[in-house]
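Enquirer: Numbers given in our numbering equal positions in the sequence shown, counted from 1, plus 171. Every residue, glycine too, gets a C-beta built ideally from N, C-alpha and C. Here the structure is a predicted model, which means the values were calculated and not measured. Take a look at the following structure, please.
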Amino acid sequence: MQALSTVYQIISMLTNVLVMLIIIQFIIGLLFAFNVVNRSNEFLSSFYMAINRFLEPVLRPIRNLLPNTGAIDFSPLVLIILLNIVLIVLGNVIYS
């Protein structure tokens, strides 16, 4: 039982890191969109592109399932909700 608890804690930690990366991507995207930070800032541009390359394979299937809403991308929100649902279900299965 303790091994399953450890696996759950590791999955939970990795999920939290992924959620933080999604939020960071969103914030940097907003900073670029509203010209608070210029895209010529090499550090933020390269960091933003690295996060995009990491998250794109996960977000692309969700974007394909969602209807086109124009400029608003709801796929990060859907991914965060799905990750939390998986954590809740997994926690209930392990601890019950």
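1) When you compare only the Cα positions, how much space is there between Arg224 and Gly200?
2) Which term fits Gln180, buried or exposed, when burial requires 16 or more other beta carbons within 10 angstroms of its beta carbon?
3) Using the Cα positions of Gly262 and Ile182, report the straight-line distance between them to the nearest angstrom.
4) Buried or exposed: where does Gln173 fall if 16 or more other Cβ atoms within 10 Å of its Cβ makes it buried?
5) Report the rounded CA-to-CA distance for Ile265 versus Pro247, giving the unit in angstroms.
6) Sorted by chain position, which residues of the same chain lie with C-beta nearer than 8 Å to Tyr219's C-beta, five sequence neighbours on each side aside?
Expert: In terms of the structure at hand:
1) Near 14 Å, if we compare the C-alpha coordinates of Gly200 and Arg224.
2) By the 10 Å Cβ count, Gln180 comes out exposed.
3) Rounded to whole angstroms, Gly262 to Ile182 spans 10 Å at the Cα level.
4) Classification for Gln173: exposed.
5) Straight-line Cα distance between these residues: approximately 27 Å.
6) In chain order, Gln196, Ile199, Gly200, Phe203 place their CB closer than 8 Å to the CB of Tyr219, counting only its own chain and leaving out the 5 sequence neighbours on each side.
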